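Worksheet: the structure to be examined is printed underneath.
Protein chains: 2
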Amino acid sequence: MSPDLLFLGLDAGGTRCRARIRDAEGRLVGEGEAGPANARRGSRLAIEAMVTAARAALAAGRLPVDSLSRLVAGAGLAGVSQTREMEKMRAEPHPFARLELATDFATACLGAHGGGDGGIVIVGTGSAAYARIGGAEFRFGGWGFEVGDDGGGAPLGREVVRHALRAADGLAPRGPLAEEALAALGGDQDAAVEWVGRAAPSDFGRLAPLVFAHANQDPEAARLRDECAGHVTSLVLRLAACGAERVALVGGLSSAIAPHLEVSAQALLVEPAADATEGALALARNSAL
Amino acid sequence: MSPDLLFLGLDAGGTRCRARIRDAEGRLVGEGEAGPANARRGSRLAIEAMVTAARAALAAGRLPVDSLSRLVAGAGLAGVSQTREMEKMRAEPHPFARLELATDFATACLGAHGGGDGGIVIVGTGSAAYARIGGAEFRFGGWGFEVGDDGGGAPLGREVVRHALRAADGLAPRGPLAEEALAALGGDQDAAVEWVGRAAPSDFGRLAPLVFAHANQDPEAARLRDECAGHVTSLVLRLAACGAERVALVGGLSSAIAPHLEVSAQALLVEPAADATEGALALARNSAL
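Chains as they are written, first to last, in the working numbering: chain E, 1 to 289; chain U, 1 to 289.
What follows is the structure, given as structure tokens:
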């Protein structure tokens, strides 16, 4: 391997593209960011976002921004669930010495387990489970806000709205969770229904913390939290059934929900060793072996 | 009252407008239909649909279609939840001798209880509860597909899709309900997710009958049916708490769900005496008193 080579990890997400460069000895060279690199917006735009983030990381490391050809890159791509989309990305020209592509699930898992075997359960706005075990990949859940993503923040926030509307109707107890949710939704049912009409899944997700804030005082909040924890438990145990011996929770709700999983699932939990960008770096290094 | 006067009942729904004419003695003169008369599409269009349906009913009764001015009309309007919308409809010119307006909830309730006090729980694509007791109106639920309508066919169908996807992932038992639902959704998870992306609430609603078809053999179907029945039970008992002594279930799921309500709710159930068009006729007759 040429000593001039550098490794680039890219977390090519739907909100932003993160880049991190390390040298052959693993020392940090620099980090950078760019806008969305979601492949669904087009493979050319995704590559361009990756290049922008890589140039920023080079600049942060005080390297010429035209040293792209020195970079052995690995990227975890959001929104690439089908083989066809991945092939299209692979066919796209790029300025790197090499570009190894995987799903964002794979790089998050590689990052969480230091490149080794294991599973992750994503509990962010949505939810999904993924594991790499002995070269095989497993994936469960993640079917979207409407009919999947149970255990994620957006469906949990939707249950908060549902509970608030039911409580206002006298169909459920009107405790602190319902009161605070109704206030956040505009004060009454009509305002809440208008709010729902404008809300994206991420807006529902922003209501999820109310559940954890009130779970010790409000039995309805505790019920919603425990239902959420039940979904996450199912995903963890599903990965275990595939052979995962350790599972990391990743995403914004991880630390709030972890203590409420069933004991059998909690026993499998490990802290993520590193982030998805580090997983993408592992992908890059493995590709150069 | 002039013996020439006829009474017209209009069920001005979002899918179609139904009209029925009776004479002063209550004898059926004729029935007719027209397209949607949902006030949300504009009050002028709603009136035009009512007129078209009324002309069809006159023609069916072999009366001149220009006898609109002989008709004392009552109409139950879908999609008019706010006072402002109702006022706008009331300000609209019309060719009838008189036009009395109410919500479709009110006319369905008048029809179900022969013009007397009582409540209704609508279990169609959506769900909602309404009662008229001693001149007072009560209304609960009906907050829409996303966060309300529990007990209705569309949320029940959504649970069918959710269950099918979970079963395909090994997160739930893969029984007859999951198998038939997956087949209906295109055969696999990717097809099902595409189906969801295109589906309206009414499409989800069309999956609800699968729950009742499999509930005797598939415990997951029985669980979904019982959850649905629990929501309908809550709505019935909420009306009872307001003083409703009899409650009629109306809408497509009524007969399937009724036997599964809690005993305390079943004890309040009565068969609807007549439909919402008949309730609109009662509204017309009351206005002429």
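Note that beta-carbon positions come from the ideal geometry of N, C-alpha and C, so glycine has one too. Predicted model only: the values in this text are computed from it and were never measured.
#1: With DSSP collapsed to three states, give me the class of R139(U).
#2: State yes or no: is the beta carbon of S234(E) nearer than 8 Å to at least one beta carbon in chain U?
#3: Taking the alpha carbon of V72(E) as the point to measure from, which residue in L261(E), A54(E), R98(E) has its own alpha carbon closest?
#4: Using a C-beta to C-beta distance shorter than 9 Å, which residues of chain U count as neighbours of R238(E)?
#5: Which residues, taken in chain order from the stretch 111-143 of chain U, show a beta carbon closer than 8 Å to some beta carbon of chain E?
#6: Suppose the cutoff is 7 Å on Cβ atoms and the five residues either side in sequence are ignored; what does the same chain contact list for A280(U) look like?
#7: Does DSSP classify V232(U) as helix, strand or coil?
#8: Determine which residues share a DSSP beta bridge with E33(U) and list them.
#9: Taking buried to mean at least 16 other C-beta atoms within 10 Å of its own C-beta, is M1(U) buried or exposed?
#10: Is the stretch 219-226 of chain E close to the stretch 139-150 of chain E, with three or more CB pairs under 8 Å?
#11: Skipping 5 residues on each side, what residues in its chain have a beta carbon closer than 7 Å to that of V80(E)?
#12: What is the C-beta distance between A244(U) and I122(U), in whole angstroms, given that I count them as a contact (C-beta under 8 Å)?
#13: So for E100(U), helix, strand or coil by DSSP?
#14: Determine, using beta carbons only, whether L165(E) comes closer than 8 Å to chain U.
#15: In chain E, which residues lie with their C-beta within 8 Å of the C-beta of R158(U)?
#16: Against V193(E), what residues of chain U qualify as contacts under a CB-to-CB distance less than 7 Å, listed in chain order?
#17: Per DSSP, what kind of secondary structure is A199(U) in: helix, strand or coil?
#18: Can you confirm whether Q217(E), when its beta carbon is compared against all beta carbons of chain U, has any partner nearer than 8 Å?
#19: Do the stretch 112-122 of chain U and the stretch 263-280 of chain U make contact, defined as three or more Cβ pairs closer than 8 Å?
#20: Where does F145(E) fall in DSSP's three states?
#21: Please confirm if the stretch 251-263 of chain U is in contact with the stretch 178-188 of chain U, defined as three or more CB-CB distances below 8 Å between the two stretches.
#22: How would you write the range of the alpha helix (DSSP H) that V161(E) sits in, first residue to last?
#23: Using three-state DSSP, classify L185(E) as helix, strand or coil.
#24: Considering L6(E), what are the terminal residues of the alpha helix (DSSP H) in which it resides?
#25: For the stretch 55-64 of chain U against the stretch 23-39 of chain U, are there 3 or more C-beta pairs whose distance is under 8 Å?
#26: I want to verify the contact list: residues of chain E whose CB lies under 9 Å from the CB of Q266(U), in sequence order.
#27: Could you compute how far the alpha carbon of R246(E) sits from the alpha carbon of L235(E)?
#28: Using beta-carbon positions only, say whether G111(E) and A274(E) come within less than 8 Å of one another.
#29: Count the other C-beta atoms from every protein chain shown that fall within 10 angstroms of the C-beta of R55(E), then say buried if there are 16 or more, exposed otherwise.
The short version:
#1: strand
#2: yes
#3: R98(E)
#4: D169, G170, L171
#5: F140, G141, W143
#6: G9, L10, D11, G74, A75, G76, T107
#7: helix
#8: The partner list for E33(U) (beta bridge, DSSP) reads R18(U).
#9: Bear in mind that the predicted position of M1(U) carries a pLDDT of just 49, short of 50, making it unreliable; the figure below should be weighed with that in mind. With fewer than 16 other Cβ atoms from the protein chains shown falling within 10 Å of its own Cβ, M1(U) counts as exposed.
#10: no
#11: A39, M86, M89, T103
#12: Not really, about 14 Å apart at Cβ, beyond 8 Å.
#13: strand
#14: yes
#15: E146, V147
#16: W143, G144
#17: Note: A199(U) maps to coil in three-state DSSP.
#18: no
#19: yes
#20: coil
#21: no
#22: 153-168
#23: Here DSSP, grouped into helix, strand and coil, assigns L185(E) to coil.
#24: It is not in any alpha helix (DSSP H) - L6(E) instead sits in the beta strand (DSSP E) that spans 6-12.
#25: yes
#26: Result: empty, since nearest Cβ-Cβ is about 18 Å, beyond 9 Å.
#27: Taking the Cα positions, R246(E) is about 13 Å away from L235(E).
#28: yes
#29: buried
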